[in-house]
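One structure below.
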Amino acid sequence: KDILVQVDHLKKYFGVKGLKGPGVQAVEDVSLFIRRGETLGLVGESGCGKTTLGRTILQLHEPTSGRIVYDGQTIFEGKDPWQRKSVPVREKDGSTTKREELVQVKVPRPKQVNMLPYRRKMQIIFQDPSASLDPRMTVGEIIGEALDIHKLCASKAERTERIKELLGQVGLNTEHANRYPHEFSGGQQQRVGIARALAVKPEFIVCDEPISALDVSIQSQVVNMLEDMQQEMGLTYLFIAHDLSVVRHISNRIGVMYLGTMVELAESYELNRNPMHPYTKTLLSAVPVPDPEVSRSRQRIVLEGDIPSPMNPPTGCRFHTRCPYATEKCREAVPEFKEYAPDHWAACHLLG
Ligand code: SF4
37 KDILVQVDHL
47 KKYFGVKGLK
57 GPGVQAVEDV
67 SLFIRRGETL
77 GLVGESGCGK
87 TTLGRTILQL
97 HEPTSGRIVY
107 DGQTIFEGKD
117 PWQRKSVPVR
127 EKDGSTTKRE
137 ELVQVKVPRP
147 KQVNMLPYRR
157 KMQIIFQDPS
167 ASLDPRMTVG
177 EIIGEALDIH
187 KLCASKAERT
197 ERIKELLGQV
207 GLNTEHANRY
217 PHEFSGGQQQ
227 RVGIARALAV
237 KPEFIVCDEP
247 ISALDVSIQS
257 QVVNMLEDMQ
267 QEMGLTYLFI
277 AHDLSVVRHI
287 SNRIGVMYLG
297 TMVELAESYE
307 LNRNPMHPYT
317 KTLLSAVPVP
327 DPEVSRSRQR
337 IVLEGDIPSP
347 MNPPTGCRFH
357 TRCPYATEKC
367 REAVPEFKEY
377 APDHWAACHL
387 LG
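Residues 37 to 388, numbered by full-length UniProt numbering, are exactly what the sequence shown covers, in order.
See the structure below:
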């Protein structure tokens, strides 16, 4: 299958007012690709940068550096303005030592394209449907707005017809068009959010934890609907979740993130059967497995300590402060994200 989205060495830092340095290093040197028509699941603890990564790919956040290619077209390319350099630091006793720090350097302006045509092709479904729908607009107006921005309907009658069609596609009635978001349940609100995303006939949708705010009883309905729509419309998904048990059923491949970095990426079955990275093993050990053979070989691993701050991430491998196998090398050198088996990528010094 051909590649629809490709991301190379993507970084997204959020500057903090009044603070020297890069600020929050939310996405750090992430590379991935998403094949047309597939679902790439993205998992990791909250705050690991998965939502920021999804939004940065869509350029809802301006990337700091790296490259994003959509359907063969480079839509962002920028050099890294943050370089690791040895800088002199004055110690308390008055002596001067050297320390490695990220220092901002001048780089050419990044190459960016007009995103409007791509906005139509790349959509997002938000985590909290109640917060993402304007409470002052009716459902019909919310969906109609997306159609208007991209001038997709030639007449009022066509617009009304299309709104009806979209409501039907997500299992809502025509009468729902005149109601306001607060009149709906969480599941129905999420259906409205999905209808709004579908209105512009997208190819690629970032599903940003679309079911985590919903009642467990309706989570599977929404997931099934997203899967059916993918089949019917040939959609490509980046499906973000903090729970591995959700993404592993619907994803062709899964990427695992830790503190802004991609630590492992593999085909879903392969990742479940043969996890390589210590962090992935930890996540998998918390998921119940029906296969007794796999279950026996998998002990529950509990990580010590809290997830460090992305404002001051650990040096070397960002996981080293919590990894049971960390060595001196892990504290000093960043492990390369490499393909260790066909279509199975990981970043760990233990893998050689
Ligand atoms: Fe653990 Fe070192 Fe591998 Fe990082 S590189 S996951 S610290 S063993």
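Just so you know, even glycine gets a beta-carbon here, dropped at the ideal spot from N, CA and C.
Short note on Tyr361: C-beta closer than 7 Å to some heavy atom of the ligand SF4.
If the five residues before and after Thr318 are omitted, its C-beta is found closer than 7 Å to the C-beta atoms of Ile337, Leu339, all from its own chain and listed in chain order. Boundaries of the beta strand (DSSP E) around Thr132: 132-140.
With contacts defined by Cβ atoms closer than 8 Å, Lys86 and Ile241 do not form a contacting pair. Counted as a single uninterrupted DSSP element, the stretch harbouring Thr210 is not any beta strand (DSSP E), since DSSP gives it neither H nor E. Assignment of Gln226 by DSSP, reduced to helix, strand and coil, places it in the helix class. Placement of the Cβ of His356 at a distance of less than 7 Å from at least one heavy atom of the ligand SF4 is found. DSSP, read as helix, strand or coil, puts Arg358 in coil.
Under the three-state reduction of DSSP, Glu177 is assigned to helix. Contact between Gly59 and Phe50 holds: CB atoms are separated by about 5 Å, below the 8 Å threshold.
Taking each of Pro350, Gly204, Glu137 in turn and checking the Cα distance to Glu364, the smallest one comes out for Pro350. Linking Asn260 to Ile247 through their CA atoms gives a straight-line distance of about 11 Å. By the criterion of at least three beta-carbon pairs nearer than 8 Å, the stretch 67-77 is in contact with the stretch 291-305. Membership of Lys48 in any alpha helix (DSSP H) is not indicated; the residue belongs instead to the beta strand (DSSP E) covering 39-50.
Put simply, of Tyr315, Ala233, Pro344 the residue whose alpha carbon is nearest the alpha carbon of Leu262 is Ala233.
Cβ contact annotation for Gly222 (same chain, cutoff 8 Å, sequence separation greater than five): Pro165, Ser166, Ala249, Leu250, Asp251, Ile254, in chain order. Counting along the chain, His380 sits inside the beta strand (DSSP E) bounded by residues 380-382. Going by C-alpha positions, Thr88 is about 20 Å away from Ser287.
Straight through space, the alpha carbons of Leu387 and Val236 are spaced by roughly 44 Å.
For Cys366, the CB falls within less than 7 Å of some heavy atom of the ligand SF4.
Judged by beta-carbon spacing, Thr297 lies within the 8 Å limit of Val66, meaning their Cβ atoms are closer than that value. Segment contact: the stretch 130-143 against the stretch 108-120, three or more CB-CB distances shorter than 8 Å; contact assigned.
With distances taken between CA atoms, Cys84 lies nearest to Ile343 out of Ile343, Ala193, Glu137, Cys353.
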